[in-house]
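> Provided herewith is a single structure, encoded as structure tokens, for subsequent inquiry.
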Amino acid sequence: MRNSFVLVGLLFSINAFATTPQELLKQYEAQAKQEIPAFTSFSADRGASFFRAERTHSDGKKVSCSTCHTSDPRNQGKTRANKVIEPMAPIVNPQRFTDAAKVEKWFGRNCKDVLERTCTTLEKGDYIQYLVNIK
Amino acid sequence: MKKWMQFLVLITSITSTSALLASGGMIEGGEGGGSQMPPVSNAKWKAECSSCHMLYHPGLLPEKSWNKMMAGLDKHFGENASLDEATRVEITRFLALNSADKQDNRRSSRINQSIPAGAAPLRISETRYFLSKHDEISVSTFKRKSIGSAANCVACHKNAEKGDFSESQVKIPR
Chain X
38 MRNSFVLVGL LFSINAFATT PQELLKQYEA QAKQEIPAFT SFSADRGASF FRAERTHSDG
98 KKVSCSTCHT SDPRNQGKTR ANKVIEPMAP IVNPQRFTDA AKVEKWFGRN CKDVLERTCT
158 TLEKGDYIQY LVNIK
Chain P
145 MKKWMQFLVL ITSITSTSAL LASGGMIEGG EGGGSQMPPV SNAKWKAECS SCHMLYHPGL
205 LPEKSWNKMM AGLDKHFGEN ASLDEATRVE ITRFLALNSA DKQDNRRSSR INQSIPAGAA
265 PLRISETRYF LSKHDEISVS TFKRKSIGSA ANCVACHKNA EKGDFSESQV KIPR
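First to last, the sequence lines map onto chains X and P. Numbers given in my numbering equal positions in the first sequence, counted from 1, plus 37. Numbers given in my numbering equal positions in the second sequence, counted from 1, plus 144.
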């Protein structure tokens with residue numbers, strides 16, 4: 038009996054976090070519509086240039102998303118501490134963009150690391166759209 | 145009376161010899177009384193502290209160092225490694241509970257002893273213990289592509305994430 042309670046609880050907790058990239062995009066879309074009156078849709082092209090856009094960090098180093106994720110999101114990347122980063126493109130890594138909290142956590146960290154500011158909803162949506170569209 | 149004294153001397157010498165042998169065996173074998181760090185486990189520590197770098201055993205730094213590290217995660221060796229508050233608190237507690245100054249294994253104690261009272265280093269590689277243990281490794285060796293930096297213990301100590309840094313396991317990659 039106790040076991041079945043645990044099992045039911047586990048199923049609920051998994052459901053609470055699991056999502057799909059499409060659902061996640063819809064959430065960001067709803068947010069973007071609220072924030073930007075002129076918003077129409079996310080753009081994979083804008084996402085692609087965002088992914089590769091290199092800027093000079095205040096520490097003097099050139100950085101971009103592709104510094105760690107490589108320029109092809111189907112590839113494994115590498116952290117500065119030599120640890121493998123699994124590919125960002127869901128086509129090769131279906132785990133990507135299936136956990137909303139995880140996505141927000143990493144946008145929170147990496148936007149500050151690369152851009153030294155938070156990312157806008159438009160940037161986040163474009164970024165996910167770009168990666169989701171990769172075949 | 146004389147026989148009783150002889151007996152005492154005999155017993156004393158036997159016990160001290162065996163004690164000496166036992167301690168000698170421990171140093172050479174690196175087993176028993178704890179030369180290696182004990183296995184520790186916490187799901188959040190494992191998940192959060194190993195997504196960007198290898199998983200460092202809590203016994204590698206004293207509590208004061210872990211506390212300082214966990215209080216500055218927004219600037220973690222130049223990167224933003226912020227955690228939500230509940231996770232941060234849980235991991236900090238776990239690290240403190242198993243830190244070098246709470247361990248009775250020899251390596252943790254020596255690391256801890258090599259750190260001056262007023263210091264709370266964040267880099268294990270800056271402790272006197274680490275430096276003395278790696279004094280034969282050149283800067284260029286640490287910079288090899290297969291190693292990266294002195295922070296990448298697992299490059300040479302394959303069981304580093306389990307807290308095993310025994311000399312017999314060391315293999316320096318080309």
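Note that the Cβ used here is the ideal one computed from N, Cα and C, for glycine as well. Given the structure is predicted, the values throughout are model-derived calculations rather than measurements.
Between R146(X) and A295(P), how many whole angstroms is the CB-CB distance? I'm expecting something under 8 Å.
With 8 Å as the limit, R146(X) and A295(P) do not qualify as a contact, their Cβ atoms being about 19 Å apart.
> For T285(P) and P317(P), I'd like the C-alpha separation in whole angstroms.
9 Å
> Near I171(X), which residues of its chain fall below 7 Å by C-beta distance, leaving aside the five closest residues on each side in sequence?
Excluding its 5 nearest sequence neighbours in each direction, I171(X) has C-beta neighbours in its own chain below 7 Å: P110, R111, A126, I128, listed in chain order.
> The alpha helix (DSSP H) with L217(P) in it runs from where to where?
That residue, L217(P), is in no alpha helix (DSSP H); it is neither H nor E in DSSP.
> Less than 9 Å between the C-beta atoms of A81(X) and V169(X), yes or no?
yes
> What do you reckon, is the C-beta of V184(P) under 8 Å from a heavy atom of the ligand NAD?
The ligand NAD is absent from the structure shown, which contains no ligand whatsoever.
> Give me the DSSP bridge partner(s) of K99(X).
The partner list for K99(X) (beta bridge, DSSP) reads T93(X).
> How would you list, in chain order, the residues of chain X whose beta-carbon sits under 7 Å from the beta-carbon of C297(P)?
What C297(P) touches in chain X: nothing, since even the nearest Cβ is about 11 Å away.
> Give, in chain order, every residue of the segment 148 to 159 of chain X whose Cβ lies closer than 8 Å to some Cβ of chain P.
K149, D150
> So is Q132(X) in contact with chain P if we call contact Cβ pairs under 9 Å?
no
> Could you give the residue range of the alpha helix (DSSP H) that holds Q71(X)?
The continuous alpha helix (DSSP H) containing Q71(X) extends over residues 58 to 72.
> What is the DSSP secondary structure of A55(X), counted as helix, strand or coil?
Of the three classes helix, strand and coil, the one that applies to A55(X) here is strand, per DSSP.
> Determine whether the beta carbon atoms of A118(X) and L61(X) lie at a separation below 9 Å.
no
> Name the residue from V121(X), P74(X), T93(X) whose alpha carbon lies nearest to the alpha carbon of V151(X).
T93(X)
> Please classify D248(P): does DSSP put it in a helix, a strand, or coil?
Assignment of D248(P) by DSSP, reduced to helix, strand and coil, places it in the coil class.
> With a threshold of 8 Å, are at least 3 pairs of Cβ atoms found where one atom belongs to the segment 224 to 241 of chain P and the other to the segment 269 to 283 of chain P?
no
> Return the bridge partner residues of K115(X) from the DSSP annotation.
V121(X)
> Give the interface partners of T135(X) over in chain P, defined as CB-CB distance under 9 Å, in chain order.
When 9 Å is used as the limit between beta carbons, T135(X) is near no residue of chain P, the shortest such separation being about 16 Å.
> Between the alpha carbons of R288(P) and K120(X), how many angstroms are there, rounded?
Approximately 15 Å between the Cα atoms of the pair.
> May I have the straight-line CA-CA distance separating N211(P) from V233(P), to the nearest angstrom?
10 Å
> Hey, how far is the Cα of R154(X) from the Cα of C148(X)?
Cα-Cα distance, rounded: 6 Å.
> Look at the Cβ atom of A304(P), then the Cβ atom of I291(P), and state whether they are nearer than 9 Å.
no
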